[in-house]
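Trainee: Pasting in a structure now, in structure tokens, and then I'll have a few things to ask.
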Amino acid sequence: MAKNTALNKAAKAQEDEFYTEMRDITDEINFYVPFFHDKVVLCNCDDPYESNFFKYFASSFKFLKLKKLIASSYDRSPVAQTQLSLFEENKPPQERTPYRAVMVELDFEGDRIKGFQDIEHALKTREGVVKKLKGDGDFRSSECIELLKQADIVVTNPPFSLFREFVAQLIQYDKKFLILGNHNAITYKEIFPLIMQNKMWLGITNGDKSFKVPSYYEPRATRYWQDESGQKYRSLGNMCWFTNLENKKRNEEMLLVNSYYENPEKYPKYDNYDVIEVGKLSDIPRDYDGVMGVPVTFLDKYNPKQFEILGCTESEGKGFSNGLWDPSSNVAQPLIRGKKIYKRIFIRRK
Ligand SMILES: C[S@@+](CC[C@H](N)C(=O)[O-])C[C@H]1O[C@@H](n2cnc3c(N)ncnc32)[C@H](O)[C@@H]1O
Numbered sequence: 057m058a059k060n061t062a063l064n065k066a067a068k069a070q071e072d073e074f075y076t077e078m079r080d081i082t083d084e085i086n087f088y089v090p091f092f093h094d095k096v097v098l099c100n101c102d103d104p105y106e107s108n109f110f111k112y113f114a115s116s117f118k119f120l121k122l123k124k125l126i127a128s129s130y131d132r133s134p135v136a137q138t139q140l141s142l143f144e145e146n147k148p149p150q151e152r153t154p155y156r157a158v159m160v161e162l163d164f165e166g167d168r169i170k171g172f173q174d175i176e177h178a179l180k181t182r183e184g185v186v187k188k189l190k191g192d193g194d195f196r197s198s199e200c201i202e203l204l205k206q207a208d209i210v211v212t213n214p215p216f217s218l219f220r221e222f223v224a225q226l227i228q229y230d231k232k233f234l235i236l237g238n239h240n241a242i243t244y245k246e247i248f249p250l251i252m253q254n255k256m257w258l259g260i261t262n263g264d265k266s267f268k269v270p271s272y273y274e275p276r277a278t279r280y281w282q283d284e285s286g287q288k289y290r291s292l293g294n295m296c297w298f299t300n301l302e303n304k305k306r307n308e309e310m311l312l313v314n315s316y317y318e319n320p321e322k323y324p325k326y327d328n329y330d331v332i333e334v335g336k337l338s339d340i341p342r343d344y345d346g347v348m349g350v351p352v353t354f355l356d357k358y359n360p361k362q363f364e365i366l367g368c369t370e371s372e373g374k375g376f377s378n379g380l381w382d383p384s385s386n387v388a389q390p391l392i393r394g395k396k397i398y399k400r401i402f403i404r405r406k
């Protein structure tokens, strides 16, 4: 491998080890409780001991009335098997193999499992709950795909560097999902068409989130701290849940109080598109039937019964936006009197 490519890969992998906090998981999943009834949940980028996704579902198994919970770990994850040394107690972490954990209703029968301590005990002692994987635990490996096939809903925070592949696989296997990602992913050429086609949308509790990171992560000037135990944290301001589970926000109508016709000079047309500029979401007019350019934050308010999405500027993929985009054109950004306008989503009222 060329030196630069290896370095890039290492740098990307550095961005993959962000461990989700329990409160961020519960805050979002609270909006989807009925969807989990009698379902098989898979957390496929999750060390069963370390991951708060696994902890959340194991401790809420009865409350959510789950049918089965499966988690699988990845052998290159630095936390994998460091705490739950089930089989390879004496081996250093890099020599241990990844495993999957499967918990079914029987494991939660009676009052045996009350808190996470009991779950940990069950993981360690109950036969058949935890098994070694043959491969490396890559979510794309055949044995992990077999686990995916069993699942109804996939819930995790996948590696940022493999977000496109992760989503493509969920779509390919026609799975329901609730996954955490970066806001920037919205305009990836593989992701935006799915949003346009209403195959995926944003969750509810998007925004700033903090994550535990491994001890070898370098300190940073901003959005980085250590707690009293020395645990390192980083925060990211632009996190988003991506899902194909219905949520209440997606069904709320935006109240539109402004009028285009009473104030047309407030809404200039782009030089290069037959589209008006609406720089603030609260300014979306109630009476304009043509196409409007709105900030990407529109997706937080998007209700497909109220608006349709026609395209997106400055996405990686030009030319996919229903004829609005001319892939042969050099002009990527909308212009107003020659001045470039920041990333916009093109929408129309229904
Ligand atoms: C953003 S972290 C999140 C970890 C955990 N899901 C959580 O939310 O706390 C992504 C995890 O995926 C693991 N990972 C990286 N590449 C993977 C792959 N190809 N297949 C499965 N997991 C992978 C990383 O090692 C890392 O632990």
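Numbering (our numbering), first residue to last: 57 to 406. Glycine residues also receive a C-beta, built at the ideal position from the N, C-alpha and C atoms.
1) If you follow the alpha helix (DSSP H) that N294 is in, where does it begin and where does it stop?
2) So what does P341 bridge to, in DSSP terms?
3) Are K231 and D208 touching if we call contact CB-CB under 9 Å?
4) Does the segment 337–347 come into contact with the segment 393–401, if we say contact requires no fewer than three beta-carbon pairs (one atom in each stretch) closer than 8 Å?
5) Please indicate yes or no: does the CB of R196 lie closer than 8 Å to some heavy atom of ligand 1?
6) To the nearest angstrom, how far is the alpha carbon of G346 from that of A127?
7) For N314, I'd like the list of residues in its chain whose CB is within less than 6 Å of its CB, leaving aside the five on either flank, ordered along the chain.
8) Let me know if R79 comes out buried or exposed under the rule of 16 or more other beta-carbons within 10 Å of its beta-carbon.
9) Going by the CB atoms, is the gap between K121 and F26 shorter than 9 Å?
10) Using a Cβ-based criterion (distance less than 8 Å to any ligand heavy atom), does L218 qualify as near ligand 1?
11) I'd like to check one pair, C99 with V186: are the Cβ atoms closer than 9 Å?
12) Report the rounded CA-to-CA distance for K288 versus P270, giving the unit in angstroms.
13) So what's K121 in DSSP terms, helix, strand or just coil?
14) Going by the C-beta, is T212 closer than 8 Å to any heavy atom of ligand 1?
15) Would you give the residue range spanned by the beta strand (DSSP E) that D264 belongs to?
16) Just to confirm, does L98 get its C-beta within under 8 Å of one of the non-hydrogen atoms of ligand 1?
17) Could you tell me the distance, in whole angstroms, from the CA atom of H239 to the CA atom of C296?
18) Buried or exposed: where does R393 fall if 16 or more other Cβ atoms within 10 Å of its Cβ makes it buried?
19) Quick check on P215: buried or exposed, where buried means 16 or more other Cβ atoms within 10 Å of its Cβ?
20) Could you round the C-beta distance between V96 and K123 to whole angstroms and report it? I think they count as a contact, below 8 Å.
21) If you draw a straight line from the alpha carbon of E145 to that of E308, how long is it in whole angstroms?
22) Just how far apart, CA to CA, sit I85 and M310?
23) Thinking C-alpha only, which one of F172, P90, N359 is nearest S107?
24) Have a look at N254 and P360 and give me their C-alpha separation to the nearest angstrom.
25) By DSSP's criteria, M348 is part of a beta bridge. Which residues make up the other side?
26) Just to confirm, are R404 and F363 a CB contact at a threshold of 9 Å?
27) Pick helix, strand or coil for V89, following the three-state DSSP scheme.
28) If contacts are defined as beta-carbon pairs under 8 Å, then S129 and P90 qualify, I think. What distance do you get, rounded to the angstrom?
29) On the three-state DSSP scale, how would you describe E144?
Mentor: In this structure, then:
1) Counting along the chain, N294 falls outside any alpha helix (DSSP H), though it belongs to the beta strand (DSSP E) covering 288–299.
2) Partner(s): N314.
3) yes
4) Not touching, per the Cβ criterion.
5) yes
6) 47 Å
7) D339, P341
8) exposed
9) What the structure shows of the chain is the stretch from 57 to 406, and residue 26 is not part of that stretch, so it cannot be assessed.
10) yes
11) Not in contact: V186 and C99 (Cβ atoms no closer than 9 Å).
12) 7 Å
13) coil
14) yes
15) 263–269
16) no
17) If you draw a straight line from the Cα of H239 to the Cα of C296, it is about 6 Å long.
18) exposed
19) buried
20) 5 Å
21) Unreliable positioning characterises E145 in this predicted model, as indicated by a pLDDT of 45, which lies under 50. A coordinate reading is not provided.
22) 23 Å
23) F172
24) 8 Å
25) In DSSP, M348 forms a bridge with I332, I403.
26) yes
27) helix
28) With 8 Å as the limit, S129 and P90 do not qualify as a contact, their Cβ atoms being about 29 Å apart.
29) Only weak support is given to the placement of E144: the predicted model assigns it a pLDDT of 45, under 50, and the value that follows is read from those uncertain coordinates. Three-state result, E144: coil.
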